[in-house]
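Worksheet: the structure to be examined is printed underneath.
2 protein chains.
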Amino acid sequence: MLSLLDILRRVDSGALAPADAVRLSYDAIDARDGEIQAFVELDRGAAAGRGPLAGVAVAVKDIIDVEGLPTRMGSPIYDGWRPRGDAAAVSLLRRAGATPVGKTETTPFAYLDPVATRNPRNPAHTPGGSSSGSAAAVAAGMVPLALGTQTGGSVIRPASYCGVAGVKPSYRLLPTTGVKGFSWTLDTVGLFGAGVADVALALASMTGRDELQPPDEPAAPRFGLVLQDFAGAPEPAAAAALEEAVRAVERAGASVVPLALPPIFGEAFRLHGTIQDFEARQALAWEYDRHRDALPPLLGGALDAAQTIPAAAYDSARGVARRARGAMRDVFGNVDALLAYAAPGAAPETLRSTGDSRFNRLWTLLGAPCVSVPGLSDGRGLPVGVQVIGPFGADETALRAALFVERAIGRSLRPGTAPS
Amino acid sequence: MLSLLDILRRVDSGALAPADAVRLSYDAIDARDGEIQAFVELDRGAAAGRGPLAGVAVAVKDIIDVEGLPTRMGSPIYDGWRPRGDAAAVSLLRRAGATPVGKTETTPFAYLDPVATRNPRNPAHTPGGSSSGSAAAVAAGMVPLALGTQTGGSVIRPASYCGVAGVKPSYRLLPTTGVKGFSWTLDTVGLFGAGVADVALALASMTGRDELQPPDEPAAPRFGLVLQDFAGAPEPAAAAALEEAVRAVERAGASVVPLALPPIFGEAFRLHGTIQDFEARQALAWEYDRHRDALPPLLGGALDAAQTIPAAAYDSARGVARRARGAMRDVFGNVDALLAYAAPGAAPETLRSTGDSRFNRLWTLLGAPCVSVPGLSDGRGLPVGVQVIGPFGADETALRAALFVERAIGRSLRPGTAPS
Numbered sequence: 001m002l003s004l005l006d007i008l009r010r011v012d013s014g015a016l017a018p019a020d021a022v023r024l025s026y027d028a029i030d031a032r033d034g035e036i037q038a039f040v041e042l043d044r045g046a047a048a049g050r051g052p053l054a055g056v057a058v059a060v061k062d063i064i065d066v067e068g069l070p071t072r073m074g075s076p077i078y079d080g081w082r083p084r085g086d087a088a089a090v091s092l093l094r095r096a097g098a099t100p101v102g103k104t105e106t107t108p109f110a111y112l113d114p115v116a117t118r119n120p121r122n123p124a125h126t127p128g129g130s131s132s133g134s135a136a137a138v139a140a141g142m143v144p145l146a147l148g149t150q151t152g153g154s155v156i157r158p159a160s161y162c163g164v165a166g167v168k169p170s171y172r173l174l175p176t177t178g179v180k181g182f183s184w185t186l187d188t189v190g191l192f193g194a195g196v197a198d199v200a201l202a203l204a205s206m207t208g209r210d211e212l213q214p215p216d217e218p219a220a221p222r223f224g225l226v227l228q229d230f231a232g233a234p235e236p237a238a239a240a241a242l243e244e245a246v247r248a249v250e251r252a253g254a255s256v257v258p259l260a261l262p263p264i265f266g267e268a269f270r271l272h273g274t275i276q277d278f279e280a281r282q283a284l285a286w287e288y289d290r291h292r293d294a295l296p297p298l299l300g301g302a303l304d305a306a307q308t309i310p311a312a313a314y315d316s317a318r319g320v321a322r323r324a325r326g327a328m329r330d331v332f333g334n335v336d337a338l339l340a341y342a343a344p345g346a347a348p349e350t351l352r353s354t355g356d357s358r359f360n361r362l363w364t365l366l367g368a369p370c371v372s373v374p375g376l377s378d379g380r381g382l383p384v385g386v387q388v389i390g391p392f393g394a395d396e397t398a399l400r401a402a403l404f405v406e407r408a409i410g411r412s413l414r415p416g417t418a419p420s
Numbered sequence: 001m002l003s004l005l006d007i008l009r010r011v012d013s014g015a016l017a018p019a020d021a022v023r024l025s026y027d028a029i030d031a032r033d034g035e036i037q038a039f040v041e042l043d044r045g046a047a048a049g050r051g052p053l054a055g056v057a058v059a060v061k062d063i064i065d066v067e068g069l070p071t072r073m074g075s076p077i078y079d080g081w082r083p084r085g086d087a088a089a090v091s092l093l094r095r096a097g098a099t100p101v102g103k104t105e106t107t108p109f110a111y112l113d114p115v116a117t118r119n120p121r122n123p124a125h126t127p128g129g130s131s132s133g134s135a136a137a138v139a140a141g142m143v144p145l146a147l148g149t150q151t152g153g154s155v156i157r158p159a160s161y162c163g164v165a166g167v168k169p170s171y172r173l174l175p176t177t178g179v180k181g182f183s184w185t186l187d188t189v190g191l192f193g194a195g196v197a198d199v200a201l202a203l204a205s206m207t208g209r210d211e212l213q214p215p216d217e218p219a220a221p222r223f224g225l226v227l228q229d230f231a232g233a234p235e236p237a238a239a240a241a242l243e244e245a246v247r248a249v250e251r252a253g254a255s256v257v258p259l260a261l262p263p264i265f266g267e268a269f270r271l272h273g274t275i276q277d278f279e280a281r282q283a284l285a286w287e288y289d290r291h292r293d294a295l296p297p298l299l300g301g302a303l304d305a306a307q308t309i310p311a312a313a314y315d316s317a318r319g320v321a322r323r324a325r326g327a328m329r330d331v332f333g334n335v336d337a338l339l340a341y342a343a344p345g346a347a348p349e350t351l352r353s354t355g356d357s358r359f360n361r362l363w364t365l366l367g368a369p370c371v372s373v374p375g376l377s378d379g380r381g382l383p384v385g386v387q388v389i390g391p392f393g394a395d396e397t398a399l400r401a402a403l404f405v406e407r408a409i410g411r412s413l414r415p416g417t418a419p420s
């Protein structure tokens, strides 16, 4: 993979010109994207910028506007449509010197209908969704940084499936202006990179929040281990990866205590769909009313069903979510961060599904910062991520803890758990 | 003015065909808009719809997308730009049968730089802003319904200045998808109509929330009178209007008790600008980075200043806002709704300012439903609204109380307080 930190070190030292660093990405895209199909549009003329991310090529999920390029939303309804300017998150990247080089495949309107993108770790497997192209573009070594979005689990799950680092920051840490909306309570812009320190530096540079950049050797956090029983059992690969991560961080000096989540969390988990779908039927009202036949099967069916959700059910679900957010403080009373499954298992062997977001949806609804930490794999060499979750607004805590996990995993790897 | 309820009664009885009802608006626009300059674009071919709002012509603020029409944001930066589809709020109107007939003048990006629109009550006075054209279009009898937005006071203030009813619903009761954003914590879509029952019916029809339609004779509410001392003193006209409204509702059987707001409200009021401007510098990052010279003076200056707001100041302001929202429950412990100034006075005699939102900003930040009730005027015959505020999510309470105020004012009018 292309490491953002490594590229910046080489740019910093003068060994690599920013324009040449960007060219590395075009070359890699030309070499690999025929197989992977991560990109739907390239901007061949994009110049290198100036700033802390100068030389960093960025891939942008195709529900996020980039000046001069079409935004297709993964749907023929938007064929040929061009926004006037950049989404706010893209502007923040440009201000920091990064270079948007192209748009990546998204499931239609970032819902569940799969796309052609393949998992770079094994092309017979899904890369996950909905930020399929962005996760795959990083995993295939085509770009060091990519923008995605998460409404259910669309950053953390593809990061886990593709073996890259993914961060879904706290709700609205990154702006959603210029991003096609699905559910305003849930939609969150996130980042993919080769490792935790890469996405942390990118996030710090975009937001001007220096504290998001973790120290090289973060102190040992106190972890709470949460199994999210309300979301069902994981597959053996995810269970084994989480157990391995626990052993690794304990060996590295961190404490891990099993945490029982309050019952309101399970209630909130079950109501995620009510909130998402009630909002989606409004956010996509024009597409549904004018172009129902052009919607793919899963999204069309979900919007059909959403039309009859009573407003009272939505209001009540929002009340539960509010109470669950209020209960977050107690959950983090004696721990710094949570350790959890990033996905039910390794990437499913299919291109007809993007996998399952059941271990992600609660945290999206709570607005908590989440990081998928790469480094572990199943018996077949497919990556399996581990999820680190922080309190709302404490993205620096989540990123430090995630970097600690990543380092601990790296140090403890043994035969049978080779790096993905 | 064109009354939405009256139009629907005539359509219902068969006395008026929906298409003819819509034509009334085109005729009125042709007759009056040369002087008022409320519209920036007309869709001459818009057909009447079917549904509870069939025959209702709607004017749409020009930061809100309408299929087939340009969205100019009041700025040359968006000259010739066309969205692909309708904003979600426009789709909800179409579903209910209403007909968007055109786009109305907005201050550039809905900030404070004034526009050419005149106040239909006196063309030497501002109609208020930023939803200048939408308020004026209703006040001039050109349309029975108009869409606006409020980030500071851009629905309630122009409604007060123009002598129409304006409702700023609870945060996100109406979707902002397809609306140019300024500050995601604050931006709220609202409605203008001839009277409270008109906007209530429109809101009920758009949201499918029947309870938002108040009964013909709402029960007497318990009012809390709030003077918002932290926002400074009103002009005599606003003070007199609020006193007259208090007398009117008391005569009509309502109770009114003076309420001291908790200190956290004053703190939140003072931090509204920090939240708004920190978010605006992100939401308008592309416009600022690429087109700084094309921004008007007030907005350009505000964005210049916003670039240096520390993230910590924003985070802290959000914390204060959250605590203030939590304190709302106590404020409404013994009252149903609040009575307050809608604006500091009547519309200022100038077209170089859109007036002052200081009596509106706190409630926008708290997400509370607000209604500007028309019916009173200053000594010169200029309208002065009265603001009714409900608890978050209790829009039906706010609308019932506002209708009660409107009826009580109507019944108690005496010489010297002639209807505006």
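Residue numbers (the working numbering), protein chains in the order written: chain A, 1 to 420; chain B, 1 to 420. Each residue gets a CB set at the ideal place from its N, CA and C atoms; glycine is no exception.
- The beta carbons of residue 75 (chain B) and residue 294 (chain B) sit about 7 Å from each other, so the pair counts as a contact at 8 Å.
- In this structure, residue 224 (chain A) sits near residue 338 (chain A), with a CB-CB distance shorter than 8 Å.
- If you draw a straight line from the Cα of residue 367 (chain A) to the Cα of residue 392 (chain A), it is about 6 Å long.
- For residue 316 (chain B), no CB of chain A lies under 8 Å from its own CB, so it is not counted at the interface with that chain.
- Secondary structure of residue 165 (chain A) (DSSP, three-state): strand.
- Taking one beta carbon from each stretch, the stretch 226-234 of chain B and the stretch 186-201 of chain B have fewer than 3 pairs nearer than 8 Å; the two do not touch.
- Chain A has a Cβ within less than 8 Å of the Cβ of residue 286 (chain B).
- Segment contact: the stretch 380-388 of chain A against the stretch 173-193 of chain A, fewer than three CB-CB distances shorter than 8 Å; contact not assigned.
- Within the stretch 109-165 of chain B, the complete alpha helix (DSSP H) runs of at least 4 residues fall at 132-139 and 156-162.
- Residue contact check for residue 3 (chain A) against chain B: no CB pair falls below 8 Å.
- Comparing alpha-carbon positions, the option among B:403, B:58 and B:291 lying closest to residue 303 (chain B) turns out to be B:291.
- Proximity of the stretch 340-354 of chain A to the stretch 77-84 of chain A falls short of the contact definition, fewer than three beta-carbon pairs being nearer than 8 Å.
- The three-state secondary structure of residue 96 (chain B), taken from DSSP, is coil.
- A buried status is given to residue 187 (chain B), since no fewer than 16 other beta-carbon atoms sit within 10 Å of its beta-carbon.
- Chain order gives no chain A residues near residue 336 (chain B), where near means a beta carbon separation below 8 Å; the closest approach is about 19 Å.
- Among the bridge pairs identified by DSSP, residue 341 (chain B) is matched with B:386.
- By the neighbour-count definition (other C-beta atoms within 10 Å, threshold 16), residue 129 (chain A) is a buried residue.
- An exposed status is given to residue 334 (chain A), since fewer than 16 other beta-carbon atoms sit within 10 Å of its beta-carbon.
- Contact annotation: residue 327 (chain B) and residue 264 (chain B) have beta-carbon atoms nearer than 8 Å.
- For residue 242 (chain A), there are no neighbours in chain B by C-beta distance under 7 Å, as the nearest C-beta there is about 32 Å away.
- In this structure the stretch 53-72 of chain B lies against the stretch 87-105 of chain B, because at least three pairs of beta carbons, one per stretch, are closer than 8 Å.
- Within the same chain, 97 come within 7 Å of residue 50 (chain B) by CB-CB distance, once the 5 residues on both sides are set aside.
- DSSP places residue 22 (chain B) inside the alpha helix (DSSP H), whose first and last residues are 18-36.
- Look at residue 235 (chain B): its C-beta is not under 8 Å from any C-beta on chain A.
- With 16 or more other Cβ atoms inside 10 Å of its own Cβ, residue 378 (chain B) counts as buried.
- For residue 375 (chain A), the enclosing beta strand (DSSP E) has its first and last residue at 370-377.
- Counting of Cβ neighbours within 10 angstroms places residue 221 (chain A) among the buried residues, the total reaching 16 or more.
- Counting along the chain, residue 183 (chain A) sits inside no beta strand (DSSP E), nor does DSSP assign it H or E at all.
- DSSP links residue 57 (chain A) through a beta bridge to A:99.
- Rounded to the nearest angstrom, the Cβ distance from residue 38 (chain B) to residue 105 (chain B) is 6 Å, consistent with a contact under 8 Å.
- When DSSP reads this structure, residue 41 (chain B) sits in a beta bridge with B:103.
- Excluding residues up to 5 positions away in sequence, 35 and 36 lie with their Cβ nearer than 8 Å to the Cβ of residue 123 (chain A) in the same chain.
- Residue pairing by DSSP places residue 264 (chain B) opposite no residue, since no beta bridge is assigned to it.
- Among the residues facing chain A, residue 81 (chain B) is included, as its CB has a counterpart in that chain under 8 Å away.
- Sequence-distant partners of residue 340 (chain A) (beyond 5 residues in either direction) whose C-beta falls short of 7 Å from its own C-beta, in its chain, are 226, 228, 359, 387 and 389.
- Interface with chain A (8 Å Cβ-Cβ cutoff): residue 111 (chain B) is excluded.
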